[in-house]
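In this note's numbering, the protein residues as written are 465 to 616.
The beta carbon of each residue, even a glycine, is placed where N, CA and C say it ideally should be.
Here the structure is a predicted model, which means the values were calculated and not measured.
Each remark here refers to the structure printed beneath this line.
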């Protein structure tokens, strides 16, 4: 019975290509997060959080679960980083979240000996609207659905 319930939940999250999908507009100065072909508009995500604070409560995550050694961090930027600004974690595969904004902040918090870091959590349904290209969206639908079939 439990396996059947889990399979139904997964099927509910299966994506179908919406041909009317409009990529998130990118304006000059917008901060973007790129992971391969997938590019998300971080600036618009924070604006969305500001206008929908009731559905995006701040939550604390364990740094050790989201931290990875990043050699691309700008050490001079790290000095002025405000660790009190929450980062963003996004569901990049069913049930799996990655930090997509706040790498400098989480690194500084780790160096200061903090065990936790505050974030906003975006599930797939919430962050899909922030993909900035139609090509990226189409690829994301295929990617997500392949992860559903691999999670059996």
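- For residue 551, the beta-bridge partners assigned by DSSP are 583.
- In this structure residue 568 is buried. Its beta-carbon is surrounded by 16 or more other beta-carbon atoms within 10 angstroms.
- CA-to-CA, the gap between residue 560 and residue 610 works out to about 14 Å.
- Within the region 497 to 576, the alpha helix (DSSP H) runs of at least 4 residues that lie entirely inside it are, in chain order, 506 to 515, 527 to 530, 539 to 543, 567 to 575.
- When DSSP reads this structure, residue 595 sits in a beta bridge with 504.
- The C-beta distance from residue 539 to residue 588 rounds to 34 Å, too long to meet the 8 Å contact threshold.
- The shortest CA-to-CA distance from residue 520 to any of 573, 590, 576, 506 is the one to 590.
- Note on geometry: alpha-carbon atoms of residue 576 and residue 570 lie some 10 Å from one another.
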